[in-house]
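Asks: Residue numbers (full-length UniProt numbering): 1 to 354.
Ideal placement from N, C-alpha and C gives every residue a C-beta, glycine not left out.
Have a look at this one.
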Amino acid sequence: MTPRVTSPVPTTLWRSVLETDEAAVVGQSLPWREAVLADGRFADASVHYAFPSGRQVVLPLVRRRRSAAAARVVSSWPQIWGTGGPISTDGRITVDEAEFVWRDAAHRGTLSTEVTLRPEADPAWLSAASRAGYAVEAGGSYLLDLAGGFDEVWSRRFRGTARTAMRKAEKLGVEVEVDRTGRLAHVYDELHERSVHRRAATEGEPVWLSRWRMSRVSSTPAQVALVAAAFGKDCATWVARRDGEPVAVIIVLSAGGHAKYWRGAMDKDVATPLRANDLLHRLAIEDACDQGRHWYDMGGAHPDSALAAFKTKLGATLHHTHELRARRLPARLGHEARIRAEALVKRVAGLGEM
């Protein structure tokens with residue numbers, strides 16, 4: 001059962017497998033790979049497996065360029081780049097084939113191998129990961145099913161409160177513009193910076209520290225520019241304005257059957273009472289339906305949070321994902337390193353508990 005293995009994966013080979021896997025998500029697309037590699041910090045470590053059964057698998061992987069050989073982490077993808085995971089012929093895999101992939105991948109990271117499976121990945125991937133000794137952490141992503149088109153979504157999946165909010169935004173004069181050239185990417189940067197300052201004021205901490213903390217879960221202007229360049233017209237920036245002033249923005253990426261709400265920012269004090277975000281998502285979802293996409297991916301959220309409530313109001317439901325880790329050193333060492341790093345930041349900032 002030993003497959004033929006190729007690394008890194010040529011673009012043509014990646015595309016040929018991708019075209020057979022209808023469930024592939026935005027984070028497995030070629031434009032996403034292009035953006036990750038254009039970041040400059042990561043080297044391509046992707047692997048293609050051609051099994052005797054005829055099944056082919058592509059495992060997106062990168063490693064940090066400047067990491068020592070003895071401390072190499074390979075990931076799919078690094079945390080700020082979100083969900084990757086394997087794609088395969090017709091989206092299927094056997095447990096034995098999946099186990100071969102995981103055991104091979106585990107040896108490609110001398111320190112650890114980290115992979116996030118896409119929502120509803122073939123269960124064989126998870127079963128094989130456990131057999132191969134990977135630690136598994138459950139997660140989730142909220143997806144809106146676009147089957148039946150926008151009329152079906154509007155009448156049967158949006159909750160009444162969502163439709164009311166969307167109508168309210170229109171009555172209050174919220175105007176929306178969409179751009180697919182990258183021309184409006186700066187609006188995200190500007191509104192995100194306002195959010196940084198708002199958090200700094202709320203938390204009573206320096207602006208630079210709030211910016212650093214938020215950069216761990218949101219995008220820098222440089223990352224937004226890379227993604228916009230890689231996706232071209234499939235990167236849509238939706239901007240809501242009131243009296244000509246931007247109050248909210250969302251960035252939606254499209255590939256294959258998925259449209260992905262990737263990033264958003266707003267002037268919270270103004271956008272919330274205007275219900276600007278409700279209207280932005282309504283228009284982005286309608287656009288995804290018009291393009292023939294099957295899913296609108298709204299990303300993760302804690303199930304009991306206000307963010308999760310917002311996503312379920314729009315008809316999105318929680319789909320399970322899993323983070324897989326094969327470590328060559330005890331996990332507690334990585335945890336202790338993170339604790340030491342946070343303590344150092346606190347000392348530099350002259351702060352107590354963050």
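Pull up the distance between the alpha-carbon of H197 and that of T220, whole angstroms please.
Replies: Between H197 and T220, the C-alpha separation is close to 15 Å.
Asks: Would you list the one or two residues that DSSP bridges to Y296?
Replies: In DSSP, Y296 forms a bridge with L144 and A259.
Asks: How about P86 and W125: are their beta carbons less than 8 Å apart?
Replies: Cβ atoms of P86 and W125: closer than 8 Å.
Asks: Quick check: P60 and H320, are their CB atoms within less than 8 Å of each other?
Replies: Not in contact: P60 and H320 (Cβ atoms no closer than 8 Å).
Asks: Have a look at P10, V95, I80 and R157 and flag the residue whose alpha-carbon is nearest the alpha-carbon of F42.
Replies: When only C-alpha atoms are compared, the closest one is I80.
Asks: Which residues in the same chain have their Cβ closer than 6 Å to the Cβ of A326, if we skip the five residues on either side of it in sequence?
Replies: These residues qualify, in order along the chain: A106, T113 and Y134.
Asks: Please state if the CB of G91 and the CB of residue 355 are separated by a distance shorter than 8 Å.
Replies: Missing from the structure shown is residue 355; the chain here goes from 1 to 354 and no further.
Asks: Please name the residue, chosen from K311, R183 and H258, that lies closest to Q291 on a Cα-to-Cα basis.
Replies: Cα-wise, what sits closest to Q291 is H258.
Asks: Thinking C-beta only, is A71 closer than 8 Å to T12?
Replies: Not a contact, by the Cβ cut-off of 8 Å.
Asks: Checking 8 Å against the spacing of the C-beta atoms, do A84 and G300 come in under that value?
Replies: The residue you asked about is not Ala; residue 84 is Gly in the sequence shown. Cβ distance not < 8 Å, so G84 and G300 don't count as in contact.
Asks: Which same chain residues end up closer than 6 Å to V187 when comparing Cβ atoms and leaving out the 5 residues on each side of it in sequence?
Replies: Once the five neighbours on either side are set aside, the close Cβ partners of V187 are V239, P246 and V249.
Asks: In terms of residue numbering, what span does the alpha helix (DSSP H) encompassing Q223 cover?
Replies: From DSSP, the alpha helix (DSSP H) with Q223 extends over P221 to F231.
Asks: By how many angstroms is the C-alpha of A228 removed from the C-alpha of T181?
Replies: Taking the straight line joining both Cα atoms gives about 8 Å.
Asks: Please work out which residues of its chain come closer than 8 Å, Cβ to Cβ, to V174, disregarding the five sequence neighbours upstream and downstream, and give them in chain order.
Replies: Only A240, R241, R242, V247, L274, R275, A276 and L279 meet the Cβ criterion.
Asks: How far does the alpha helix (DSSP H) with V17 in it extend, from its first residue to its last?
Replies: Run containing V17: T11 to L18, per the alpha helix (DSSP H) assignment.
Asks: Check G350 in the structure and name its three-state DSSP category.
Replies: The predicted position of G350 is uncertain, since its pLDDT is 48 and thus under 50; no value can be drawn from it.
Asks: Among R65, T116, R108 and S130, which has the Cα closest to the Cα of V95?
Replies: The shortest Cα separation from V95 among R65, T116, R108 and S130 belongs to S130.
Asks: At 3 residues or longer, what runs of the beta strand (DSSP E) sit wholly inside the segment 30-113?
Replies: The qualifying runs are 42-44, 47-50, 56-59, 62-64 and 73-76.
Asks: Take R103 and list the residues in its own chain whose beta-carbon comes closer than 6 Å to its own, dropping the five residues that flank it on each side.
Replies: The answer, listed in chain order, is A132.
Asks: By DSSP's criteria, L117 is part of a beta bridge. Which residues make up the other side?
Replies: Answer by DSSP bridge pairing, in chain order: H322.
Asks: What is the rounded straight-line gap between the Cα of W32 and the Cα of F231?
Replies: Straight-line Cα distance between these residues: approximately 8 Å.
Asks: Name the two residues that bound the continuous alpha helix (DSSP H) containing R211.
Replies: R211 -> alpha helix (DSSP H) spans V207 to S215.
Asks: Quick one: residues in its chain with C-beta nearer than 8 Å to the C-beta of L226, no 5 flanking neighbours on either side, listed in chain order?
Replies: Taken in chain order, the residues that qualify are A35, A38 and D39.
Asks: Out of V101, A271, V224 and T312, state which residue places its alpha-carbon closest to the alpha-carbon of D189.
Replies: Ranking V101, A271, V224 and T312 by Cα distance to D189 puts V224 first.
Asks: Give the single residue among F158, V9 and L191 whose Cα lies nearest to the Cα of R263.
Replies: When only C-alpha atoms are compared, the closest one is L191.
Asks: Could you give the residue range of the beta strand (DSSP E) that holds W238?
Replies: From DSSP, the beta strand (DSSP E) with W238 extends over C235 to R242.
Asks: Classify T317: buried if its beta carbon has 16 or more other beta carbons within 10 angstroms, exposed otherwise.
Replies: Answer is exposed; the Cβ neighbour count stays below 16.
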